[in-house]
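Shown next, in structure tokens, is the structure this report addresses.
In the working numbering, the protein residues as written are 102 to 169.
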């Protein structure tokens, strides 16, 4: 199985490249196959959580997080 890659986008979402499985608090799962990606919200303003809907652009979210 190929590795999962997570890219921290400057003042934006976490971009996750598959394959991976996301599970909600109720145990429902979403599987992302290899070769696809999804963006996960970091700003908290998305109306489609946990996914990014680009609301960070409207709420002036800023985060210059660097991988260390």
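Every residue gets a Cβ at the ideal spot worked out from N, C-alpha and C, and that includes glycine. Because the structure is a prediction, the values reported are computed rather than measured.
Which word fits residue i, buried or exposed, when buried means at least 16 other C-beta atoms lie within 10 angstroms of its C-beta?
i, result
"residue 153", "buried"
"residue 147", "buried"
Please say whether residue j and residue i have beta carbons closer to each other than 8 Å?
i, j, result
"residue 119", "residue 141", "no"
Near residue i, which residues of its chain fall below 6 Å by C-beta distance, leaving aside the five closest residues on each side in sequence?
i, result
"residue 157", "113 and 144"
"residue 108", "116"
Note down the Cα distance separating residue i from residue j, rounded to an integer number of angstroms.
i, j, result
"residue 131", "residue 115", "16 Å"
"residue 149", "residue 128", "18 Å"
"residue 155", "residue 138", "15 Å"
"residue 104", "residue 151", "21 Å"
"residue 136", "residue 162", "28 Å"
"residue 159", "residue 122", "29 Å"
"residue 167", "residue 126", "28 Å"
Please work out which residues of its chain come closer than 8 Å, Cβ to Cβ, to residue i, disregarding the five sequence neighbours upstream and downstream, and give them in chain order.
i, result
"residue 165", "111 and 112"
In its own chain, which residues sit with a C-beta less than 7 Å from the C-beta of residue i, not counting the 5 before and 5 after it?
i, result
"residue 173", "Missing from the structure shown is residue 173; the chain here goes from 102 to 169 and no further."
Would you list, in sequence order, the uninterrupted beta strand (DSSP E) runs of no fewer than 3 residues that lie entirely inside the stretch 110–158? 115–118, 121–124, 130–133 and 138–141
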